[in-house]
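Protein chains in written order, with the numbering used here: chain H, 4 to 396; chain F, 6 to 280; chain P, 19 to 820.
Idealized CB from N, CA, C, for every residue including glycine.
Model, not experiment: these values are computed from the prediction.
Notes to accompany the following structure.
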Ligand SMILES: Nc1nc2c(c(=O)[nH]1)N[C@H]1C(S)=C(S)[C@@H](COP(=O)(O)OP(=O)(O)OC[C@H]3O[C@@H](n4cnc5c(=O)[nH]c(N)nc54)[C@H](O)[C@@H]3O)O[C@H]1N2
Ligand SMILES: Nc1nc2c(c(=O)[nH]1)N[C@H]1C(S)=C(S)[C@@H](COP(=O)(O)OP(=O)(O)OC[C@H]3O[C@@H](n4cnc5c(=O)[nH]c(N)nc54)[C@H](O)[C@@H]3O)O[C@H]1N2
Ligand code: SF4
Ligand code: SF4
Ligand code: SF4
Ligand code: SF4
Ligand code: SF4
Ligand SMILES: [Mo]
């Protein structure tokens, strides 16, 4: 029997809906009068909040999807399954939002479909575009599994099930590629992006950080969701996930240092300039401190500890992306940019959509697996995902 | 034969006929401006100002040097804008100009993502922020005039000989000759090597960095940078795909056996695979 | 200009003083750049570090209004160091002439100063040459203390570099460098070129400034040679043309003095008084009578003095621009045609001139736009209801919308074809003039005070089937023709004083003629329409490009380019040369190279004594008794000056023109209230009063707002930041504009005091797309004694944050 769709309206949700409505109005103005009307973007700052935050950070934050997918479905760490669906959901929503943000942001939006037919394959953006488009499709298909389960359309779910394994694998390759390409977009900005961030392997830093961000996101999300839905946070899962993050961050730090030294720009980090200070904050506050926190069991094993460290990691990735998009480009681009209220509003509206959609889906779809089933599901699911055995409903 | 323009900063006296000629030929409206202390309004390039003469007043040892530097698209030999554009809207023509196809050839594929603006090392392409469906705008090297065998409008208007249009190779030769003949010149032709070379070349008698040029920049064409990272894509796709598939089947079996393995092994495996 | 723009490429050293070709004459910079490319040195002397200065080898700043001291500094240096061109000076100038013992000079004043009708004037007889019978006494050794050279030497010896530096504020080392560099052109074969413009002329002693440049050039042997000369970069595009055609009140066409009723009551009087016995001006009767013939046609006969009586005559009073406006303000003038002029912005003390317009009964503005003058009755701050003047605005076609000739500073008369039709009801000025004249004549049909000249004036320019008058007919009249058959004349040598020839403007004679010997069909057109690019000499003379008056001569006084024996000073840049048998002439010779009767070549010895054929003495004047305030320039301070005259007790030019009442407001010397030295200048983006350019969006975009330039030091002292609103005030008013803080103006150390300079462009007004304050609301109502040009470039002001 299919339950009725339900969505409880609370005051917070009303506010979120209002924000969405406002966003829609701003969007209409933007489409009729152009970007100059609603944004503070300018010739110095062709990319602003929407690209910098909604797209670059959004996609990175949605990295939780592919890292958990990798851990759960490819490495078959079944115990993490309870969080996999949530991660997939946020990730999918994140991508959809990023794509909508992109549509808002591109000037000649009526041409948005052109790149499908006109292949500028020498552009990094080409790779980003295709990967993101494909991956969003893959995610929707992946999510289709859950959707079909919810609507109890088992024959269809079965069909989809056959495609699941390749979909999952493609669904990991694609983000690997585009998470790195998002960074590689800046490879052309040689002599423009400050050398503390510019690197031929900026793509590695992007994909690597998007990956280690995943567990942190899951931790935070899990904690928040648990709070919201009055369950106990899955602390043990978080704790063991942090080990992934810990090791990956150590690698990140080492590679970063080697890269800087190799390019002979290491000393720039200490010359006292604005860029060097921002870089140091990024590395110390958002990389080294979380590493230490994760490494110390006394902190790691506490909920506050693991959550704090995760928040640092998340903010750190955002901080890094902002440094690339803004701090590192400032000198060469000149001029000024601070997002207009309208830009903020669109971003807020967009994230409100995300939250609302998340809430709606969580409340209507089998996303958050019941604790009592977790273990069991973990085993069966881990064993059966390829065969698409329905689980955990 | 590819054309170019040699800009000799020592000759320019800042009359800005070129600036007006550009607007006139290309039918670009004036933009509102306000008082500008350095006199070089409009203050910067934008969609409605494709070229601009920058006034650089340099005071050193109680001596003033006032230099006027016409700036516009450099028409790179291997343009970053072209390589950045995933709809191939910017192209380098064999005659020299780097053109924007949506306006130049009415081939409108541009989505307005502005990645070209991020990519251009000289910050040249500009966006019609005030339009609902904006185009990118920049100097087009008077592509239409070149096809008619004419020199660009700005060059035609220049009274000082600061702008010289011709075969790029010949211009380079002339530039070298001018440098050799007159010790006042900085011994550098800006644009000869920068980012793999540009169709517009500059000579100056004051160090280029004092008149707003980025110096010490890469001599490697920017497209090569992105190519160097992009060319790995297929390998990553196939390789990473293979690893993932292998891992998938391997760990699936293991998972069936030890459902609750410790995470550390997985991390180690991953580390190994990565390397 | 003695030379022309293209000729600049032959110059070795430029002395650009009080001109800013990079902004005001950009095409001149083309040739200057060419010369520089060949190694020429450029010296720029200006109160601002200009765009032209940016191309200079030496930039010499100077305090506004101190050019005579500066130029004398160079002359003194040349004489003291024996760097002048001795042979040239002896042979081609009046250096050897002995001057009357009555000539005297002491403490800033020359002998002969007297008061007449309440006005100071000089009795120039006291400066005459000494004569033996008809002949002037000379001392070719230049040793006689009464000879011009010695007088000059004594006169300029007071201008040693230290003194000059103290007056001008130019650092002494820069001065020395300028002297040393420019005096290299005193060597035979080297060409120095003095380029000047309004920085030199717009002073209460502007004409003497110009004289000083001419003297310097004579001293260094730089006149009459390729790459040399005194080159006045005149107003564009046709100020040369309009002065040729007697835009100035005291001339009739071709620089003939306008008859003055008390002085020249009859033709005979005029010709007797005005015609010198020697020099080419001895032909003056031919010029005048041919002109009268052109004007009055068949009515002009020998019997009736060719209608000389009909010519309007002056009353002997000043009727220059300032005088006219003073008269308007005094209610003496009822109506005004502002025909292509905008005094509401461009006139000195424009605020007062605008006010004066209110006294008119009627005013007609004939203009391409409704400029500030046309709109004076609705200007900011006035109530149109209180202004009774009836104002008409006739829309005129712009230069591209009609055909005609313009004459550039290099005396080239060039025809310009029409590019587009005028918009709306705009008409060419010729059309407007034609209709106005016909309408007036219509009025006179029924009688009037003195209808004859109007009813009988030759006015036959109709072109059947056309709205426009026939330009060919006008051009033919200006060029001159034989009365009997109407054939176009090709040279003014053929003009007659018997009424058989008619010619509107003798110096243009030949400009509309077609060269009968020309074979190229493209060049078989009236001379002004020619565009031949051939230049056999390689000197940029381009003899078949348009027409250069007089007689298509490109460089005047060109006899001076060769030594007395006819050997060119510079064998590489030959204008004329005697090859032993005849003259080789790359340019049209400015001397009698061939005897007009015998057609035989005239040998060099016979031509060497009169290379300046327009002067009665035939030789260049280092000493010129025709000047109002003395035969030699003397440094005076601008009427408003921040300092006392260091050179003499005579603070100002005693003969400077001053006006009364509203127009007499002046700040005292070294005023505390107005402590800064102000000057005005042009910008390339705007043209004059800005009517044309402030209505062009592209130019407004380049230069949108009025500003005042001050030095960073002054800005620092007054706490003014770039772009701040400031109030600039003078004894006559105040204006508001933006502060421009740039080191292009620098404080100058003048006799131990620091003088700050405020520089103002004057292109803004209250009409047009871009509006701004009018610089001329600050300028003084002071005129030069000889020409009445206003003292736009030297007055006092104050500046403060608004
Ligand atoms: N773009 C443009 N071109 C023009 C015009 C225009 O309005 N705009 N006007 C045309 C006309 S009608 C004319 S007459 C010419 C005028 O052409 P210019 O005379 O060259 O122009 P200005 O800027 O009036 O004055 C020239 C220079 O004199 C300097 N100066 C000021 N006071 C002094 C002084 O006391 N001594 C010296 N040595 N220099 C001083 C000023 O700083 C300025 O740089 O330009 C013509 N060309
Ligand atoms: N402070 C200061 N004042 C100055 C000067 C200075 O250096 N400093 N310079 C002085 C000098 S040198 C000059 S020449 C004067 C110039 O002073 P003006 O001659 O009064 O100034 P313009 O702006 O040239 O005015 C010309 C008018 O003619 C109109 N016009 C243009 N073309 C045509 C045409 O074909 N037909 C008709 N009928 N009208 C036309 C224009 O629209 C404009 O209104 O200013 C003087 N004023
Ligand atoms: S300068 Fe910039 S816009 Fe111009 S061709 Fe080079 S990369 Fe493209
Ligand atoms: S904005 Fe247009 S031209 Fe520029 S990169 Fe994007 S699609 Fe290409
Ligand atoms: S080449 Fe053409 S488009 Fe480019 S600056 Fe010159 S006039 Fe403008
Ligand atoms: S037209 Fe020539 S001289 Fe004038 S500003 Fe442009 S480049 Fe310089
Ligand atoms: S008159 Fe015309 S051609 Fe001559 S400099 Fe001025 S704008 Fe140029
Ligand atoms: Mo003028």
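Contact list for the segment 125-150 of chain H against chain F, Cβ threshold 7 Å: 125, 126, 127, 128, 129, 130 and 132
Span separating the alpha-carbon of residue 514 of chain P from that of residue 714 of chain P: 49 Å
Distance cutoff 8 Å, beta carbons only. Does residue 71 of chain F sit that close to anything in chain P? yes
At a CB distance below 8 Å, what residues from the segment 57-83 of chain P approach chain F? Give them in sequence order. 67, 69, 70, 71, 72, 73 and 77
Within a Cβ cutoff of 8 Å, which residues of the same chain sit near residue 348 of chain H, ignoring the five residues on either side of it in sequence? 22, 25, 26 and 29
Helix, strand or coil for residue 116 of chain H, going by three-state DSSP, please let me know. coil
Between the alpha carbons of residue 275 of chain P and residue 308 of chain P, how many angstroms are there, rounded? 15 Å
Near ligand 3: residue 225 of chain F beta-carbon under 7 Å from a heavy atom: no
Cross-chain neighbours of residue 257 of chain P in chain F, by beta carbon under 7 Å: Residues of chain F passing the Cβ test: none, with the nearest at roughly 20 Å.
How long is the line joining the alpha carbons of residue 130 of chain H and residue 179 of chain H, rounded to whole angstroms? 11 Å
Residue 7 of chain P versus chain F: which residues are under 8 Å apart at the beta carbon? Nothing about residue 7 of chain P can be read from this structure; chain P reaches only from 19 to 820.
Work out the CA separation of residue 308 of chain H and residue 239 of chain F for me, nearest whole Å. 41 Å
Please report the straight-line C-alpha distance between residue 38 of chain P and residue 298 of chain P, rounded to a whole angstrom. 34 Å
Inter-residue spacing [alpha-carbon to alpha-carbon] between residue 375 of chain H and residue 31 of chain H: Caution is warranted here: a pLDDT of 43 is assigned to residue 375 of chain H, below 50, making its placement in the model unreliable, and no coordinate value can be reported.
Chain F beta carbons: is any one of them nearer than 8 Å to that of residue 118 of chain H? yes
Closer than 7 Å by C-beta to residue 115 of chain H: which residues in its own chain qualify, once you throw out the five before and the five after it? Chain order, please. 106 and 109
Does chain F have any CB closer than 8 Å to the CB of residue 46 of chain H? yes
Measuring from each Cβ to the nearest heavy atom of ligand 8, keep the ones under 7 Å and list them in chain order. P/216, P/252, P/253 and P/257
Specify the secondary structure class of residue 29 of chain H as computed by DSSP and reduced to three states. helix
Measure the C-alpha to C-alpha separation of residue 353 of chain P and residue 28 of chain F and round it to an integer number of angstroms. 43 Å
Which residue spans inside the segment 87-153 of chain H form an unbroken alpha helix (DSSP H) run of at least 4? 117-120 and 127-153
Using a Cβ-Cβ distance under 8 Å, would residue 347 of chain H count as near chain F? no
I want to see whether chain F comes within less than 8 Å of residue 265 of chain P, judged by CB atoms only; does it? no
Just curious, the beta strand (DSSP E) that residue 756 of chain P is in, first and last residue? 751-759
From which residue to which residue does the alpha helix (DSSP H) around residue 292 of chain P run? 285-292
Measuring straight from C-alpha to C-alpha, what distance separates residue 16 of chain F and residue 73 of chain P? 8 Å
Using alpha carbons as the reference points, say which of P/803, P/272 and P/759 lies closest to residue 819 of chain P. P/759
Reducing DSSP to helix, strand and coil, say where residue 388 of chain H ends up. Low local confidence applies: a pLDDT of 35 at residue 388 of chain H is under 50, so the model's placement there is unreliable, with the coordinate-based value given in what follows. Helix at residue 388 of chain H.
With a Cβ-Cβ cutoff of 8 Å, do residue 762 of chain P and residue 731 of chain P count as a contact? no
With which residues is residue 612 of chain P paired in a DSSP beta bridge? P/619
Which residues in chain P sit within 7 Å of residue 28 of chain F, going by Cβ to Cβ distance? 716
Ligand 3 and residue 76 of chain H: does the residue's C-beta get closer than 7 Å to at least one heavy atom of that ligand? no
Measuring straight from C-alpha to C-alpha, what distance separates residue 262 of chain H and residue 323 of chain H? 16 Å
Secondary structure at residue 24 of chain F, three-state DSSP: helix, strand or coil? helix
Within the present structure, is the beta-carbon of residue 8 of chain H separated from the nearest heavy atom of ligand 5 by less than 7 Å? no
Is there a C-beta anywhere in chain H that falls below 8 Å from the one on residue 201 of chain F? no
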